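Worksheet: one structure, shown below.
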Amino acid sequence: MSDTSGNAYPSFSSRLAFILTTAGAAVGLGNVWGFPYVAGKNGGGGFLLLYLVALALVAAPAFMAELLLGRMGKASPPTALRRLQAQAGSRVPWAPVAWMGLVATILILSFYDVIAGQALFYGWTALTGGFAGWDAGAVTALDTGFKASPAMAAFWSALFTAATIGIVSFDIRSGLERAGKIMMPALFLMLIGLMVFALVEGDAAAAFAFLFGFHDMRLDTGVVLEAVGQAFFTLSVGVGGIMTYGSYMGADVRLPRATLWIVAMDLAVALMAGLVIFPLVFAHNLDAAAGPGLIFITLPLIFTNIPAGAFVAFVFFLLLTFAAITSSISLMAPTVARLQEAGWSRARAAATMGLIAFLCGFATIWSFSDWQDFYPLAFLGLDGMTAFDLIREGVSNFVLPLSGIAYALMIGWWLKRDDVRKALPAPDGALFAIWYRVLGFLVPLAIGILFLTALVG
Ligand code: PHE
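One gets the working numbering by counting positions in the sequence shown from 1 and adding 31 to each.
If you want it as structure tokens, here you go:
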């Protein structure tokens with residue numbers, strides 16, 4: 032079945048294919064690059080607990096809601112939501128939520144491509160004999176060199192974007208699905224190998240104590256917002272990528288169970304990434320709270336003086352690239368689906384969206400060099416935040432949760448309860464009732480209160 036013919040709506044070939052591909056969308060830089068550094072910065076175990084609560088009570092229910100909207104709407108996000116609005120008989124326009132999501136996909140892609148480009152560059156460096164035996168100065172220079180040279184960052188980012196365009200250009204089964212089916216199992220294998228290596232070679236006890244123990248936990252609105260933002264970002268909720276994948280799921284998928292699998296895989300990857308990074312960091316007396324530099328400076332420092340360091344480095348950055356690419360294709364899928372509805376070919380749509388994201392990426396690239404001290408929204412009191420910081424935090428902490436509220440209201444208030452239940456499908460029992468109430472009340476209230484506190488505070 033071809034999805035370019037315009038006749039049959041495309042679908043993934045099996046339940047497993049759907050789960051792997053969608054887990055691939057969720058598992059990304061946010062798990063391997065983001066989670067360890069955000070957890071490290073916020074004190075480890077305490078943050079993990081907040082993150083788990085945010086994941087279970089808010090982000091995962093919203094993730095299931097987004098998949099379901101895709102399944103029920105069976106089109107690109109703006110079209111799907113417009114149809115569902117009509118079905119629900121609602122007078123509030125729903126499609127703007129989808130358009131906001133599509134804008135967010137471009138913004139996320141713009142910085143995602145740059146970070147993933149750096150991962151690609153590091154993988155290449157390892158492959159061509161880098162890291163082994165380097166001194167600390169050489170490692171730091173690799174990072175600063177990449178960031179100080181917009182041309183270099185643009186080159187690797189372009190390469191990564193081109194790969195994304197390439198995969199998305201194929202039809203659903205031979206593009207998105209095949210990438211998920213190949214890269215996700217490979218990613219798990221590499222991650223397990225690295226974790227065993229790190230636990231044996233590094234300081235496993237310190238890593239466990241850090242990740243699962245309580246230290247000086249800060250509990251303020253900022254940290255809670257960061258935990259919620261991270262939970263949404265890691266599950267890719269709120270931009271329409273998940274809705275698009277939901278529209279491709281086969282009729283035999285049971286959504287509640289599939290959601291459980293995907294969320295579990297996403298969480299497992301974040302925790303395993305922590306168990307790769309922290310044992311090594313502690314064994315080498317380095318700083319777990321190093322921030323974004325954790326995997327591009329701290330970790331490579333370690334790769335220079337462990338056995339088979341260059342090989343370990345190569346596996347790590349290949350894993351990171353795989354994680355990133357299965358997510359970046361999901362960021363491109365919704366806009367491409369929308370353009371296809373307007374008669375474009377997938378290849379042309381993907382190339383256009385890739386080019387736009389790549390060009391927007393210069394905001395991030397320059398944030399690392401020429402715009403390092405340029406704070407575009409300083410006049411709004413957002414002093415000290417570069418364009419990159421604004422895009423990244425603005426999207427994950429604001430746009431994604433806001434879409435989350437909208438999805439929750441669509442399912443919890445506007446669509447008919449029974450239609451929702453049958454589309455899942457779920458028996459009319461306690462579990463369904465809880466999820467339904469969580470969407471109708473808890474998700475909007477929790478996020479709404481959080482936003483208000485952040486505004487006031
Ligand atoms: N979930 C991806 C990650 O963890 C990021 C992402 C967010 C991808 C939103 C698509 C949409 O890296």
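Built from N, CA and C at the ideal position, the CB exists for glycine as well. All values reported here derive from a predicted model rather than from experimental measurement.
Alpha helix (DSSP H) segment containing residue i, residue limits
i    : result
L250 : Counting along the chain, L250 falls outside any alpha helix (DSSP H), and DSSP gives it neither H nor E.
G392 : R377 to S398
R22  : This structure does not reach residue 22, given that the chain is present from 32 up to 488, and the question cannot be answered.
V451 : R448 to A454
G340 : G340 to E372
L483 : V474 to V487
T329 : T329 to F334
R114 : P108 to A119
Coarse secondary structure for residue i, derived from DSSP in three states
i    : result
G37  : With a pLDDT of 49 at G37, under the threshold of 50, the modelled position of this residue cannot be trusted; read the value that follows with caution. Three-state result, G37: coil.
V270 : coil
Q403 : coil
L413 : coil
N25  : Look at the range of the chain in this structure, 32 to 488, and you will see that residue 25 is not part of it.
P127 : helix
W165 : coil
D459 : coil
M32  : For M32, the predicted structure reports a pLDDT of 40, less than 50, and the residue's modelled location is therefore unreliable. A value from the coordinates is still provided. Correct three-state label for M32: coil.
T159 : coil
D144 : helix
G244 : coil
A258 : helix
R423 : helix
D174 : helix
S42  : coil
V134 : helix
N73  : coil
V469 : helix
L325 : helix
V58  : coil
A418 : helix
L408 : coil
A464 : helix
A319 : coil
Beta carbon of residue i nearer than 8 Å to that of residue j
i    : j    : result
T52  : F66  : no
A56  : S278 : no
L88  : L473 : yes
Q149 : F177 : yes
G214 : T357 : Just to set this straight, residue 214 is Met in the shown sequence, not Gly. Closer than 8 Å, so yes.
L470 : A439 : yes
N62  : A301 : yes
G142 : I422 : According to the sequence displayed, residue 142 carries Phe and not Gly. Yes, the pair counts as a contact, with Cβ atoms nearer than the cut-off.
L311 : L330 : yes
L362 : V451 : no
A355 : A163 : no
L446 : A106 : no
A339 : G160 : no
I442 : A70  : no
F410 : V254 : no
L481 : V128 : no
A388 : V367 : no
P109 : R369 : yes
G154 : T352 : yes
L306 : A238 : yes
Residues near residue i in its chain [Cβ-Cβ closer than 6 Å; skip 5 each side]
i    : result
M32  : Any reading at M32 needs caution, since the residue's pLDDT is 40, under 50, leaving its predicted position unreliable; the model's value is listed next. Excluding residues within five positions, the ones whose Cβ falls inside 6 Å are A39.
Q403 : none
A289 : I50
A394 : A418
R204 : S44
Near the ligand COA: residue i beta-carbon under 7 Å from a heavy atom
i    : result
L362 : Among the ligands modelled here, namely the ligand PHE, the ligand COA does not occur.
Neighbourhood of residue i by C-beta distance below 7 Å, restricted to the same chain and skipping five residues each side
i    : result
A262 : Y82, A85, L86, V89 and A90
V426 : A135, L138 and I139
V284 : R46 and F49
D297 : A54, A57, V58, N62, T265 and L266
S36  : In this predicted model, S36 has a pLDDT of only 46, less than 50, meaning its place in the structure is not dependable; the value taken from the coordinates is given anyway. Cβ neighbours of S36 beyond the five flanking positions: none.
P475 : I436, A439 and L440
A93  : V268, G435, Y438, A439 and V474
G272 : A56, T136, S361, L362, A364 and P365
Spatial neighbours of residue i in its chain, beta-carbon cut-off 8 Å, leaving aside the 5 residues before and after
i    : result
F152 : F177, M183 and W187
L408 : M416 and L421
A210 : T52, G55, I198, I356, T357 and I360
I396 : V145, P181, A184, A185 and S188
G479 : I436
E424 : G260 and M416
Contact with chain D by residue i, beta-carbon distance below 8 Å
i   : result
A91 : No chain D appears in the structure shown, which is made up of a single protein chain.
Q.
Could you tell me which whole alpha helix (DSSP H) segments of length 4 or greater appear in the segment 275–314?
A. 286–314
Q) Whole beta strand (DSSP E) runs in the segment 181–237 with 3 or more residues, listed along the chain? A) none
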